[in-house]
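Report on the structure given below.
Numbering (this note's numbering), first residue to last: 36 to 127.
Below you can see the structure in the form of structure tokens.
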């Protein structure tokens, strides 16, 4: 929804490699500090991959996990789970 709202255009434009075309969605307020805003459209902005990477590098490095959180929205309902480094899904 954020990509559509922003017409698939990068809103950050901070990287010298910015492609202008948004393929990523960035959390304005971090998930670590504001988990309740994770899916709030007001807390999301569209950006290209390069600008998103630039914002990630500016963040303080925290503990790196071997798992990533996967959230898929299908037919308006949310499915949430974890995927480990091998891509195996864990619904716990």
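Backbone N, C-alpha and C fix where the C-beta goes; we use that ideal spot for every residue, glycine too. Because the structure is a prediction, the values reported are computed rather than measured.
Spatial distance of residue i from residue j (CA atoms)
| i | j | result |
| --- | --- | --- |
| residue 76 | residue 36 | 8 Å |
| residue 47 | residue 53 | 9 Å |
| residue 45 | residue 84 | 9 Å |
| residue 139 | residue 74 | With the chain covering 36 to 127 only, the question about residue 139 has no answer from this structure. |
| residue 38 | residue 68 | 23 Å |
| residue 59 | residue 87 | 7 Å |
| residue 78 | residue 51 | 24 Å |
Buried versus exposed call for residue i [16 or more other C-beta atoms within 10 Å across all chains shown]
| i | result |
| --- | --- |
| residue 80 | buried |
| residue 42 | exposed |
| residue 114 | Note on residue 114: pLDDT 47, under 50, position unreliable in the model; the coordinate value appears next. Looking at its Cβ environment, which holds fewer than 16 other Cβ atoms inside 10 Å, residue 114 is exposed. |
Beta-bridge partners of residue i, as assigned by DSSP
| i | result |
| --- | --- |
| residue 59 | 82 |
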